[in-house]
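The UniProt record's numbering numbers the first residue of the sequence shown as 1 and each following residue consecutively.
Working notes for the structure below.
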Amino acid sequence: AFKAAVLIQQWYRRYVARLEMRRRCTWRIFQSIEYACEQDQIKLHNFFSYLMDHFTPSSSKERDFISRMFISGESVKEAELEKYCDYESMEVPDSYTGPHLSFPLLPDHATALLEAFKQKQQLHARYVLNLLHETRKHLKQLPNISHVSTCYSEEITVCGDLHGQLDDLFLIFYKNGLPSPSKSYVFNGDFVDRGKQSLEILIVLFTFLLIYPKEVHLNRGNHEDHMVNLRYGFCAGLIAMSRVHGKKILKMIQNVFCWLPLATLIDQKVLIIHGGISDTTDLDMLEKIQRNKFVSVLRGKKRKESNRNVEIQELNGESKVEADTAGNEAAPSLSLQPRPAQAPSMANRLEFSRWIRQTVQEQIEWCRRLVDISESESEELTYSSVVSLTDLDGPCWTRQQEWKQILDILWSDPIPQEGCRVNTVRGGGCYFGPDVTGKILEKYNLQFLIRSHECKQEGYEFCHNRKVLTIFSASNYYEIGSNRGAYVKLGPDLVPHFVQYQANKTAHTLTMTQRQGFPVALISRVEESAFRALREKLFAHTSALISAFKAYDKDNTGRITLSNWATAVESVLHLGLPWRMLRPQLVRSTADGMLEYKSWLDDLAMEQRSQEHIQSSLLEVIYRNRSNLETIFRIIDRDHSGLISFEEFHQTWKLFSSHMNIELTDDGINDLARSIDFNKDGNIDFNEFLEAFRLVKQSQ
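Right, here's the structure in full:
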């Protein structure tokens with residue numbers, strides 16, 4: 001009996017270990033593919049930024065178009081935004097059966113919204129725009145770092161990424177209670193993208209923010225960014241949901257996002273930021289940055305900095321020609337003020353009075369431009385504007401320094417190794433080690449950091465000797481059963497208490513017999529989904545894989561060793577996966593340890609062709625580039641109409657042809673646009689856009 005018990009115990013331990021190994025491998029696949037996609041996004045926008053930096057517009061019309069392509073919503077004047085988003089002129093039809101809002105909002109409005117969204121109802125565009133307008137007014141008065149105290153509430157609940165998963169938010173409120181004077185919440189960014197109910201989550205959070213401004217706090221995440229939204233579904237979903245008013249709502253949301261606070265500080269001891277920190281993180285600088293300048297953290301930092309230098313040169317009396325002749329000399333000091341004209345004689349009081357008024361006006365204008373306060377914002381000074389104006393004698397940072405501060409806190413990840421280095425996996429932010437965490441905590445007298453940004457299997461995870469806590473609130477993020485969601489509660493003692501959950505309707509409907517085998521079945525389902533995504537990734541790089549395999553197949557036998565297969569696959573995909581461990585799921589076992597790579601690639605192609613009835617070589621190109629093509633399409637589609645107009649196509653092609661040194665006349669560009677417009681409606685839709693690439697590939 002004793003030996004039997006030992007055997008059973010050994011078998012069970014091996015079984016659990018294999019199960020855990022399968023789970024970890026599946027997790028690595030999902031995470032590697034996700035981060036590779038983020039890296040592609042940043043590379044794509046770095047490419048467009050490079051084009052813009054090296055493009056010389058031939059007319060003011062071209063200059064305006066190209067600038068609007070990437071700074072849509074950025075320096076929108078107050079009056080223009082009010083006029084564009086004129087919700088008061090919209091009428092709510094009698095047939096509308098959804099919830100109604102009136103301002104100021106009351107708790108009953110929030111309850112009605114929650115019930116309506118549970119019934120799959122939508123809020124009318126008039127109320128959405130009104131809510132965004134009021135939210136923006138409120139956010140503009142908030143500091144960059146919100147300060148929260150546990151003295152005024154029993155506890156503070158911190159939630160991580162939600163990513164458009166409304167069921168998770170419902171479950172949090174069901175378990176923990178709705179926001180109230182005794183129930184404070186901090187939502188730590190990434191409210192939108194990937195999930196299908198991003199707008200509903202924004203509406204719920206903004207509603208509670210306006211009802212309980214002292215109890216509800218929102219931090220900005222890396223997905224509260226217009227350029228990221230173009231790729232991950234929020235923009236497309238919003239336009240599809242509201243064809244008539246979607247563009248207005250989207251423009252208003254872009255402007256609201258850039259006013260979201262950057263961090264929250266609890267009792268001056270716990271810092272909550274979305275991504276992480278770096279060895280250059282400076283909370284004093286973060287307090288004073290004009291955060292609304294950064295509609296997108298991804299875009300055009302070099303171009304912005306050069307524009308600012310030109311502006312500074314002009315402020316200091318230098319012409320552009322003089323600046324150019326200065327070569328690579330250091331930029332003029334920011335502290336230099338404009339030189340007033342020589343004062344007239346005191347005898348002529350009228351002329352002297354005019355001189356005084358002119359000099360004062362010049363000084364005020366210089367101060368405004370120095371801290372980047374546009375004329376559109378001069379009517380209403382914001383919190384950060386006042387901080388900047390009152391600190392003109394202090395250190396003055398360049399836009400590049402400010403941009404890096406925000407990029408680091410939104411995009412960075414912790415690592416167990418010491419030091420701080422560039423985050424090459426995501427393509428943005430940095431990796432920070434326990435030594436960096438320790439220095440920041442000591443410098444600002446903090447106990448620990450709370451961050452989100454990374455999906456964790458249990459919904460939360462400690463690292464850096466429990467000084468960094470990651471909290472992630474979107475359950476089933478990659479696939480049903482892939483991970484739990486969690487939130488953390490902090491009382492006056494600042495000891496974290498976790499609540500985990502899984503918003504999974506499938507699991508709730510299982511019988512007792514099914515539940516007994518549920519973990520195994522669930523892991524198998526998640527594993528199958530992960531390997532399906534990985535096979536698509538492999539198929540999308542067929543051509544590159546063949547070249548890599550041939551480098552090991554010197555005699556052109558069509559066969560390579562399994563070890564060389566693993567090395568070649570990693571050299572092409574750069575996913576950092578344990579390919580030798582994953583091999584049994586991807587490659588059929590062979591007796592002699594050799595792989596016929598051509599037949600293996602044919603099997604991959606057959607599997608994808610069974611889902612898409614398209615030529616194999618073309619399908620490979622589409623699989624590899626579809627996300628980039630969709631993002632490029634949305635960038636060119638500046639007005640978010642779902643169509644590329646001939647003017648948008650014309651101006652964008654001028655940008656490309658300048659980079660590729662291709663001389664094309666205006667008539668030639670128009671002919672090209674008309675050839676892509678297959679249905680001859682004067683616009684190019686996404687299917688026509690893809691079809692053009694298909695025809696080019698076939699002709700090659």
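A virtual CB, placed ideally from N, CA and C, is assigned to each residue, including glycine.
Legend entry - Rounded straight-line distance, which links the Cα of residue 457 to that of residue 175: Cα to Cα, the separation comes out at about 20 Å.
Legend entry - Sheet register partners of residue 451 (DSSP bridge): 470
Inset, instruction - State the start and end residues of the unbroken alpha helix (DSSP H) segment that holds residue 109. - result: 107 to 118
Inset, instruction - Out of 262, 180, 644 and 164, state which residue places its alpha-carbon closest to the alpha-carbon of residue 229. - result: 164
Legend entry - Backbone secondary structure at residue 297 - three-state DSSP: Note: residue 297 maps to coil in three-state DSSP.
Inset, instruction - Tell me residue 124's beta-bridge partners as DSSP assigns them. - result: None; residue 124 has no bridge partner.
Inset, instruction - Could you have a look at residue 432 and say whether DSSP puts it in helix, strand or coil? - result: strand
Legend entry - Residue nearest to residue 214 in terms of C-alpha spacing, selected from 202, 179 and 258: Nearest of 202, 179 and 258 to residue 214, Cα basis: 179.
Legend entry - Validate contact between the segment 127 to 146 and the segment 243 to 262 using beta carbons, cut 8 Å, 3 pairs: A contact exists between the segment 127 to 146 and the segment 243 to 262.
Inset, instruction - Look at the Cβ atom of residue 604, then the Cβ atom of residue 565, and state whether they are nearer than 7 Å. - result: no
Inset, instruction - Excluding the 5 residues preceding and the 5 following residue 482 in the sequence, name in chain order all residues of the same chain whose CB lies nearer than 7 Å to its CB. - result: 30, 476 and 526
Inset, instruction - Give the straight-line distance between the Cα atoms of residue 692 and residue 247, rounded to the nearest whole angstrom. - result: 27 Å
Inset, instruction - Tell me whether the beta-carbon of residue 35 lies closer than 7 Å to the beta-carbon of residue 425. - result: yes
Legend entry - Those runs of the beta strand (DSSP E) which lie wholly inside the segment 536 to 583 and span at least 3 residues: 559 to 561
Legend entry - Three CB pairs or more closer than 8 Å across the segment 185 to 192 and the segment 220 to 227: yes
Legend entry - Within 7 Å, strictly: CB atoms of residue 162 and residue 473: yes
Inset, instruction - Evaluate the contact criterion for the segment 117 to 132 versus the segment 97 to 104: three or more CB pairs, one atom per stretch, below 8 Å. - result: yes
Inset, instruction - Using only alpha-carbon positions, find the residue among 570, 563, 569 and 577 that is nearest to residue 704. - result: Absent from the model: residue 704. The displayed extent of the chain is 1 to 700, so no value can be given.
Legend entry - Residue burial classification, residue 20 (beta-carbon count within 10 angstroms, cutoff 16): The residue in question, residue 20, is exposed, as its Cβ has fewer than 16 Cβ neighbours within 10 Å.
Inset, instruction - Using the Cα positions of residue 274 and residue 599, report the straight-line distance between them to the nearest angstrom. - result: 46 Å
Inset, instruction - Taking 7 Å as the cut-off, decide whether the C-beta atoms of residue 542 and residue 601 are in contact. - result: Result yes, Cβ atoms of residue 542 and residue 601 sit closer than 7 Å.
Inset, instruction - Evaluate the contact criterion for the segment 677 to 684 versus the segment 642 to 656: three or more CB pairs, one atom per stretch, below 8 Å. - result: yes
Legend entry - Between the CA atoms of residue 81 and residue 377 - distance to the nearest angstrom: Unreliable positioning characterises residue 377 in this predicted model, as indicated by a pLDDT of 43, which lies under 50. The coordinate reading is nonetheless provided below. Between residue 377 and residue 81, the C-alpha separation is close to 12 Å.
Inset, instruction - Determine the DSSP secondary structure at residue 90, reduced to helix, strand or coil. - result: Residue 90 falls in the coil class under three-state DSSP.
Inset, instruction - State buried or exposed for residue 15, treating a residue as buried only when at least 16 other CB atoms are found within 10 Å of its CB. - result: exposed
Inset, instruction - Just the C-alpha distance for residue 17 and residue 145, rounded to the nearest angstrom, thanks. - result: Distance between the alpha carbons of residue 17 and residue 145 is about 44 Å.
Legend entry - alpha helix (DSSP H) segment containing residue 231, residue limits: 226 to 232
Inset, instruction - Check residue 398 in the structure and name its three-state DSSP category. - result: coil
Inset, instruction - Please classify residue 668: does DSSP put it in a helix, a strand, or coil? - result: helix
Legend entry - Beta-carbon gap between residue 432 and residue 277 smaller than 7 Å: Between residue 432 and residue 277, the C-beta gap is smaller than 7 Å, which places the two residues in contact.
Inset, instruction - Look at the alpha carbon of residue 634 and the alpha carbon of residue 593, and state the distance between them as a whole number of angstroms. - result: 47 Å
Inset, instruction - Taking the CB atoms as reference points, tell me whether residue 41 and residue 231 lie closer together than 7 Å. - result: yes
Inset, instruction - For the alpha helix (DSSP H) containing residue 200, list its first residue and its last residue. - result: 198 to 211
Legend entry - Other residues of its chain near residue 689: CB distance less than 8 Å, five sequence neighbours each side excluded: 629, 633, 644 and 676
Inset, instruction - Kindly identify the DSSP beta-bridge partner or partners of residue 165. - result: BP columns for residue 165 are empty, so no partner.
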